[in-house]
Structures are given as C-alpha cells and as structure tokens.
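Some notes on the structure that comes next.
See the structure below:
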C-alpha cells in the first residue's frame, strides 16, 4: 500500500515539475524575451504572498501540516477556474 502511494506521489510531482519547466520556458520565450525580469506585473506578488501568510497564520519557522498532494490538487483546481483573456494591442 505504501509503495503504491509513493509511486503515485512521484508521478504527480514529476508531472508538476514538467508543468513548471514548460511554464518557465514559455515565460522566457514569449513573455520576458529581453531577459529583463524586473518589468512590472499587474499585481504586487510579494505583498500578495505576505498577506496570504498573515491571513493563514503561516509560520515560516515551522513545518506545514498541509500535505503536498493537497497543494498540487488545489493549484490544479484554481487553474481550472482562472480565466485568461488575450489583449490585443493596437
């Protein structure tokens, strides 16, 4: 039983790593093509992360009680709900 779950975890995390690598390649090839990663984003990511840490009382000095599989599943569900709109610049 444990070995099946270990293999399942491995497969899920390997797929997640592949998605992240593909996203990184797309970012470098299509979005940040100049190599300058300091351009402004539509949201202040550091503030967003800081607010989430305060809201959910995240202690950076302690281990989380959230299972990594829960995180992967929650991110996948969030990505399904997100709507992406392409802007045309004239």
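In my numbering, the protein residues as written are 21 to 110. Note that the Cβ used here is the ideal one computed from N, Cα and C, for glycine as well.
From residue i to residue j, what does the alpha carbon distance come to, in whole angstroms?
i	j	result
residue 67	residue 31	33 Å
residue 25	residue 101	27 Å
residue 38	residue 45	11 Å
residue 88	residue 29	9 Å
residue 94	residue 49	27 Å
If residue i sits next to residue j, beta carbons under 8 Å apart, how far is it from one beta carbon to the other, in whole angstroms?
i	j	result
residue 36	residue 92	6 Å
Leaving out five residues before and five after residue i in sequence, what residues of the same chain have Cβ atoms less than 7 Å from its Cβ?
i	result
residue 64	none
Out of the options, point me to the one whose CA is closest to residue i's CA.
i	options	result
residue 106	51, 43, 60 and 33	51
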